[in-house]
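> Before I ask anything, let me first share the structure, which is written out below as structure tokens.
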Amino acid sequence: MLMSPPAPVASLEALENSQEFIPRHIGPDADEQQKMLAAIGKPSLDALIRDVMPDSIARARPMDLPPPITEAAALAELKAIASKNQVLKSFIGQGYYGTHTPGVILRNILENPAWYTAYTPYQAEISQGRMEALVNFQTMVTDLTGMPIANASMLDEATAAAEAMALARRSVKSRSHRIVLAGDLHPQTIEVIETRARPIGIEVVIANSQQEWDAALAGDLFAAVIQYPASSGWIVDWKADVQAIHAKQAAAIVATDLLALTLLTPPGEWDADIVVGNSQRFGMPMGAGGPHAAFMACRDEYKRSLPGRLVGVSVDVHGKPAYRLALQTREQHIRREKATSNICTAQVLPAVIASMYAVYHGPQGLKRIAQRVARLTAILSRGLARLGFSAHHHDTAFDTLSLHTRDATDALAARAVSRGVNLRKAWNEYLCISLDETTTRADVELIWSIFAQEGQALPTIEAMDEGPTSLIPESLQRSTAYLSHPVFNTHHSETAMLRYIRSLSDKDLALDRSMIPLGSCTMKLNATSEMIPITWPEFADIHPFAPASQLQGYAELDQQLRDWLCQATGYAGISLQPNAGSQGEYAGLLAIKAFHESRGQAHRNICLIPSSAHGTNPASAQMVGLQVVVTQCDDNGNVDMADLKLACEKHSANLACIMITYPSTHGVFETQVKELCQLVHSHGGRVYVDGANMNALVGLAAPGEFGGDVSHLNLHKTFCIPHGGGGPGVGPVCVVEDLVPFLPGHATAGDVRQVGAVSAAPLGNAAVLPISWMYIRMMGEPGLKLATETAILNANYISARLKEHFPTLYAGEYGHVAHECIVDLRHFKDSCGVMAEDVAKRLIDYGFHAPTLSFPVPNTLMVEPTESESLYELDRFIEAMIAIRAEIAEVEAGRLPRDDNPLKNAPHTAEALLAADWHHGYSRETAAYPVPALRRAKYWSPVGRVDNVYGDRNLFCSCVPMDAYED
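The structure is reproduced here in structure tokens:
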């Protein structure tokens, strides 16, 4: 036998270089790509891209990024950056506190892809686990606040307060345009409210004294906002003030602290209208500001205007209780500019963690934690008084003391830092000290040592413990029970908690089980090496308002990531502050509005939006006071240029901007996008390019080059931050050179600009920024470009393979799509009564999350496979769709009834299949195992098809005994 000659031995340098870029983010390998190209009818990937993407928008030059490196090398490089942060013991408070994340929650939720790779629970049947956790969150909030209903999380406390302002304005009888803020709100909350109020004509009155407060309440107002406990720690009885607010037919909005409410009379008991706050201290590290789940609770009559997501209980087709997202008719994609809010991404993963923290500790455990914090605060206060610091801003407190340190303020703050401690400087001559769950006796003694004069004897914990156990006024101590539902009183051992978490994740379908082919949502790989750094103490244990000198690692990370994203988008400047894509849209439109105002053209208020746009676009436009004018699309799904030209001419004098998505929401690269940009510019408007579909552009085209003025990015889409069941997200806003001065500032952190803060923290959801940094650093320019090309390849492969079974609705000049395709099912309604929803539910039986349902075109499915899915998984999805088409054919031929077939009855539960009676005209085997591979690995839907209408008519949004729903 002839032997092949041995391969030449590679040099060490060649071996090392070969490891520099291993495309682990890319699903199909080179051989598989050739097979896919053959199915499409293209000789090469380059040839496909040339036919798909217009030459006119191709990048002028490659992205200037560092060359790709290995996972290990990237982690080492990021660790070096992280080490530049200084992790001091922070007693700053201001809404951010140290907390212990229970290990069972850290390992099994925060670090578990079953939880962090899940999508927003729009497909209720395969989201029962995370929705149960969110109902627990809602119940936790309603119980602790004393309010009847709460949503399933907000972006941050400051944003929640701004949303509460908007909710109050919609809901109260007062026609005033004035809102009154207590001066002792957290400063970042005041700033975000001011940013939100300015463009929509709301007057903000800040009352910094009792006299100013009384005068403000005596005037006209539609709402007033108070902090309880106050930012300074002060605890006030607000009952009389709330009555005065109500006498003006206005709303009382209360910002509060959940841990404090385990000991304090809840706002609902003194007739508050809306209650907001942050759940951060329930197990989520500070992370330089986020992500953390804020909340909003309100009186029952406001519930149909409540912003954000709301999980309710309905029944499935078998009459069993089942969770679903409730009251969706108030949301962006349905109500558009009339929506209650533009918020599309919430903070679901942090909300799940907060709810599980409450489940694990239970009411008694939470109360013990709060009592310990309150007791240490009282002990600290008495010790400081012994040392001569008895001049407090107030005599009441839960966890925060404010000392009047006068001209010694700066020296004491500097002395604290020299001893590894951060205190908060306030009102120039006060120091605030906030304790938390992580505070120890040694910490209290360390604080005493900072305030003691040289040679002065320090108090002892034992001696200072001889007095009241807290500084909470007796009249405001809580007397009502909370968290009485069994879920909060059962899972207190780690074994029980572990099994409860597992039982919920088993009900759900996330990326760890199968492909999630959601169009426009880009459910791609969230690599483990990208996730590792988010729990490093150097990133996790940093206070967002720590001195800048302690945040040098974050500053470097922020700068590098902004530089890299500028390269990817072609823009001149970027802010990472927006903590969701919706916030990025909002910030971008604020920049456009401020630009026009700076040129004396504040009258420009018309925002053109094509009919195919994402619902967040018109919702964001109305939030900044712009008037939405809808323009039409042609028969191919492109912007109708003739109609756009007429709109531009009609509104030329007042045109502020146009908002487009590119590639279009219809999944096509429109060839006239440069002409569109030039047309709008010629009438004095700016062009906003929605970044939702950047996964089809990175490395190939850049909005900042082809005519865009502003874009937001979804780092939780294109740049790999996990969706987490509906958040966290990051939505950076990107702008051209002349709009850079109008990026959001953050005066609370010393960055004063024309446009103020849009998020509570200067860096927004800073703790998840390392994920995108790792992605870009490992991929480099060649990897990012290949990811885009492969995403386009995968979408076109699915479109080509399915075209004989389900035609693609929109395609480009050569019959190709961009990175997603809309599968047309509309004709089946007439041929056999099958709807797109039936196909979506039947895909659950095949083990798949459905594509995006009925958006942007009713009764269609929008499929986006991303670059991460292998050829095996793509073929598995294609085979499932082809098999479903065969089932539809059986109905069309009359061999299966229109109202009783595998599609109409999907998804099929194991319980239904095991029932003694089976009255359907198809077999149990057909229902359960429509393709042979399912016998080896089968996902079982925990519930049958959920009744959406029942859930809205019978609205339950908190934990009650489940058998109550069966009556």
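Counted from 1, the sequence shown has number 415 at position 415 by the UniProt record's numbering; the numbering is strictly sequential. Glycine included, C-beta positions come from ideal geometry on N, C-alpha and C.
DSSP three-state call for residue 976: helix, strand or coil?
Any property of residue 976 remains undetermined from this structure, which presents the chain solely from 1 to 967.
> Ordered along the chain, which non-local residues of its own chain (more than five positions away) have a Cβ less than 7 Å from that of Leu-458?
For Leu-458, where only same-chain residues beyond five positions count, the Cβ hits under 7 Å are Glu-445, Trp-448, Ser-449 and Ala-452.
> Hey, would you say Tyr-922 sits closer than 8 Å to Leu-903, going by beta carbons?
No, they are not a contact pair.
> Three-state secondary structure (DSSP) at Ile-105?
Ile-105 falls in the helix class under three-state DSSP.
> Which runs of the alpha helix (DSSP H) at least 4 residues long sit entirely within the segment 897-936? Give them in chain order.
Fully enclosed alpha helix (DSSP H) runs of 4 or longer: 910-914 and 924-928.
> On the DSSP letters alone, give me the boundaries of the beta strand (DSSP E) that Pro-610 sits inside.
Element bounds for Pro-610: 606-610.
> Whose C-alpha, out of Leu-557, Glu-301 and Val-931, is nearest the C-alpha of Phe-539?
The residue with the shortest Cα to Cα distance from Phe-539 is Leu-557.
> Roughly how many angstroms separate the alpha carbons of Ile-204 and Ile-369, rounded to a whole number?
Note that residue 204 is Val in the sequence shown here, rather than Ile. Val-204 and Ile-369: Cα-Cα distance of roughly 37 Å.
> Measure the alpha-carbon distance for Ser-153 versus His-292 and round it to whole angstroms.
If you take the alpha carbons of Ser-153 and His-292, they lie about 9 Å apart.
> Give the DSSP-derived three-state secondary structure of Lys-84 in the structure shown.
If DSSP states are grouped into helix, strand and coil, Lys-84 belongs with coil.
> Going by DSSP, what residues sit across from Ile-226 in a beta bridge?
Looking at the DSSP assignment, Ile-226 forms a beta bridge with Val-254.
> Is the segment 369-383 touching the segment 154-174, taking contact as three or more C-beta pairs under 8 Å?
Cβ pair count under 8 Å is below three, so no.
> Use the C-beta contact count for Asp-316: other C-beta atoms within 10 angstroms, 16 or more gives buried, fewer gives exposed.
That one is buried.
> For the segment 176-186 against the segment 196-211, are there 3 or more C-beta pairs whose distance is under 8 Å?
Taking 8 Å as the limit for Cβ pairs, the verdict is that the segment 196-211 does touch the segment 176-186.
> In this structure, does DSSP put Leu-134 in helix, strand or coil?
Here Leu-134 sits in helix by DSSP.
> Just tell me which of His-827, Leu-471 and Arg-441 has its CA closest to the CA of Glu-462.
Taking only the C-alpha atoms, the option nearest Glu-462 is Arg-441.
> Taking the C-alpha atoms as reference points, what is the distance between Met-131 and Ala-230?
Going by the C-alpha atoms only, they are around 32 Å apart.
> Helix, strand or coil for Gln-552, going by three-state DSSP, please let me know.
Reduced to three states, the DSSP call for Gln-552 is helix.
> Just verifying my parser: in three-state terms, what is the DSSP assignment at Asp-751?
Looking at Asp-751 - three-state DSSP - the assignment turns out to be strand.
> Taking the alpha-carbon positions, what's the Val-180 to Leu-349 distance?
Their Cα atoms are separated by approximately 33 Å.
> What separation, rounded to the nearest whole angstrom, lies between the Cα atoms of Gly-944 and Pro-907?
Their Cα atoms are separated by approximately 6 Å.
> Opposite Arg-686 in the DSSP bridges: which residues?
Its beta-bridge partners are Cys-657.
> How would you call Pro-722, buried or exposed, if buried means at least 16 neighbouring beta carbons within 10 angstroms?
Buried is the call here.
> Per DSSP, what kind of secondary structure is Asn-151 in: helix, strand or coil?
DSSP places Asn-151 in coil when its eight states are reduced to three.
> Less than 8 Å between the CB atoms is what I'm expecting for Ala-297 and Ile-126, so what's the real figure, rounded?
In fact, because the Cβ distance is near 28 Å, the residues do not count as touching under 8 Å.
> Between Glu-670, Pro-762, Ala-216 and Pro-728, which lies nearest to Pro-744 when the distance is taken from Cα to Cα?
Minimum Cα distance to Pro-744 is reached at Pro-762.
> Just tell me which of Val-87, Asp-690 and Glu-194 has its CA closest to the CA of Ser-759.
Cα-wise, what sits closest to Ser-759 is Glu-194.
> Mapping DSSP to helix, strand and coil, what is Gln-243?
Helix.
> So, with DSSP's three-state summary, where would you put Lys-803?
Of the three classes helix, strand and coil, the one that applies to Lys-803 here is coil, per DSSP.
> Relative to the C-alpha of Leu-809, which candidate in Cys-821, Arg-801 and Ala-800 has its C-alpha closest?
Among Cys-821, Arg-801 and Ala-800, the Cα nearest to that of Leu-809 belongs to Cys-821.
> With a 10 Å radius around its C-beta and 16 neighbouring C-beta atoms as the bar for buried, classify Arg-826 as buried or exposed.
Burial call: exposed.
> Using the beta-carbon count (16 or more within 10 Å), is Asn-208 buried or exposed?
With fewer than 16 other Cβ atoms within 10 Å, it is exposed.
> Would you say the segment 186-193 touches the segment 299-316, given that touching needs at least three Cβ pairs under 8 Å?
No: the two stretches stay apart, fewer than three of their Cβ pairs being nearer than 8 Å.
> Alpha carbon to alpha carbon, how far is Arg-898 from Val-834? Give it in angstroms, no decimals.
Cα to Cα, Val-834 sits roughly 8 Å from Arg-898.
> Is the beta carbon of Tyr-939 closer than 8 Å to that of Leu-509?
Yes.
> Measuring CB to CB, does Met-497 end up less than 8 Å from Tyr-360?
Closer than 8 Å, so yes.
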